[in-house]
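Structure, as C-alpha cells:
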Amino acid sequence: SVNVSADPAPRYAVHHTSVTFDQAAEHCSPAGVLTTLATEQEVTNVLKVVAVAAAAPRRGEFTFWIGLRKLKDGCVVPTLPLRGFKWTKDGSEESQVSRWAEEPKHTCTTTLCAALKGELDGSNGSGFDPVVGSDSCQPPHIPSARSISLDRANSSRILVECWSSSAQLELRCSGWPAVWRLKDDSPANFTDICASCDAGFQKDASGNCMDVDECIVGRPCRHSCLNTVGSYRCFCSDQSGNQHSEDSPECAEAATSGVLMVALVAVAALVVLVLVVVVTVKCCLMRQSKKRAMKKAEKMAMDSKDSFETANEKAAT
1 SVNVSADPAP RYAVHHTSVT FDQAAEHCSP AGVLTTLATE QEVTNVLKVV
51 AVAAAAPRRG EFTFWIGLRK LKDGCVVPTL PLRGFKWTKD GSEESQVSRW
101 AEEPKHTCTT TLCAALKGEL DGSNGSGFDP VVGSDSCQPP HIPSARSISL
151 DRANSSRILV ECWSSSAQLE LRCSGWPAVW RLKDDSPANF TDICASCDAG
201 FQKDASGNCM DVDECIVGRP CRHSCLNTVG SYRCFCSDQS GNQHSEDSPE
251 CAEAATSGVL MVALVAVAAL VVLVLVVVVT VKCCLMRQSK KRAMKKAEKM
301 AMDSKDSFET ANEKAAT
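Rendered as C-alpha cells:
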C-alpha cells in the first residue's frame, strides 16, 4: 500500500513494500526521488507522513529507504555529519540533521545505503540507520569450526578453519539479502561446512569434499598405484602387460625376480670390482719388479765399469 501526503509541495509517498534500495529508487522515478532529510523541516514533513501511515494500522518498528548512500569507491568519514554519504538527489553532503541510530562501519570498498528507522506509535524516527549492501552479514556460528577470523582489510570476508580439515575456507558476504557465500558464490551451509568428509575425501577451499589422490600423497604401493574415487588400487604388470593385484602370486614372483636381478647385478658389480683391483695390483707389482730389475742391471753395469778401469790402471803401472 501507499500513503501520500496531502500537502501540495513537496508531496511524499510511503510505500510499504519490502524492496531493495535500487528498487525503491526505481519505484520513485521518473516523477520523484527517494527523499532527503537535509533540513529539520524535511524531517518534520516526513515524520508526519509516517505518523499518518501508522494509523493504517501498522505499528511496531519501521525502516524506510531515504536517498542517502555511500558509493563503493568512497570512504566512511566519522567526522562529517553524513559520515561520507551523499544525497542521491543532487550528490551533496549538506545536512542540518545528523542523528545516526547506529554509526556506519568504516569501509572504503563497500556500498552503504541509509534508511530512516523508528517506531510506528506516534513517536519520531530515531535517526538514520546505515544499511550495508554487501557487508551486513552477522558473524556466523559454525559448528566444528576451529577458528573464524575476520579479514581486517575487507570486513565482508572471513576465513574459517575446521577441525576436520587443514583447508582454510573463505566466505564472502554478498548479495541481497546479504548472506555468507562460498568461493563458487553458493550460499554457505553452516551446518555441514565443517562436517567431516568420508574416508578418501578432504575439504577444498569451497568446503566441498574432494577425492584424495592417495597415489601422490602417501605412495602406498610397492609396484604401481591407480587412484580411484575415495580409494586406490595397487597392482603390478607382467611381461604381457596384464595387471595383477599387488597381493597376488604374480606380483610376488615379480618382486622375487626383481630382488634376484638386483642381487645378480650387485654380484656382477662386485666381481668386476675385484677384477679391477686384481689387475691393478698385478700391474703395480709388475712395474715394481721391472724397476728393480733395471736398477740391478744398472748396478751390475757400474760394477763392471769400475773393474775395467781398475785393470787398466794396473796395466799402465
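When we follow the UniProt record's numbering, the leftmost residue of the sequence shown carries the number 1, and every step to the right adds one.
Backbone N, C-alpha and C define an ideal beta-carbon position, used for all residues, glycine too.
- The beta carbons of Thr79 and Lys117 sit no closer together than 7 Å.
- Here Phe21 carries a helix assignment [DSSP, helix/strand/coil].
- Here Ala167 is near Ala205, since their CB atoms are less than 7 Å apart.
- For Trp87, the CB contacts under 7 Å within the same chain, skipping 5 residues up- and downstream, are Thr36, Ala38, Gly67, Leu68 in chain order.
- An exposed status is given to Ile216, since fewer than 16 other beta-carbon atoms sit within 10 Å of its beta-carbon.
- For the options Leu226, Val76, Glu102, Lys105, the alpha carbon positioned closest to that of Glu93 is the one of Val76.
- When Ala188, Ser164, Trp163, Pro143 are compared, the shortest CA-CA separation from Arg157 is found for Ala188.
- Ranked by Cα distance from Cys197, the first of Ser164, Arg172, Asp184 is Ser164.
- Leu169 sits in a strand when the DSSP states are folded into three classes.
- In its chain, beyond the 5 residues on either side, Glu161, Cys162, Trp163 have a beta carbon closer than 7 Å to the beta carbon of Arg146.
- Between the alpha carbons of Asp211 and Gln23 lies a gap of roughly 44 Å.
- Taken through DSSP and simplified to helix, strand or coil, Val49 comes out as helix.
- With 16 or more neighbouring CB atoms inside 10 Å of its own CB, Thr107 falls in the buried class.
- Within the UniProt domain "EGF-like" (211 to 246), the runs of alpha helix (DSSP H) at least 4 residues long that lie entirely inside it are, in chain order, 214 to 217.
- Assignment of Ala114 by DSSP, reduced to helix, strand and coil, places it in the strand class.
- The C-beta distance from Glu250 to Asp238 rounds to 6 Å, short enough to meet the 8 Å contact threshold.
- Short of 6 Å from the beta carbon of Ala25, and not among the five residues preceding or following it, lie these beta carbons of its own chain, in chain order: Leu34.
- The beta carbon of Leu169 sits closer than 6 Å to those of Val160, Gly207, all from its chain and outside the five residues before and after it, given in chain order.
- Between the alpha carbons of Cys194 and Cys209 lies a distance of about 10 Å.
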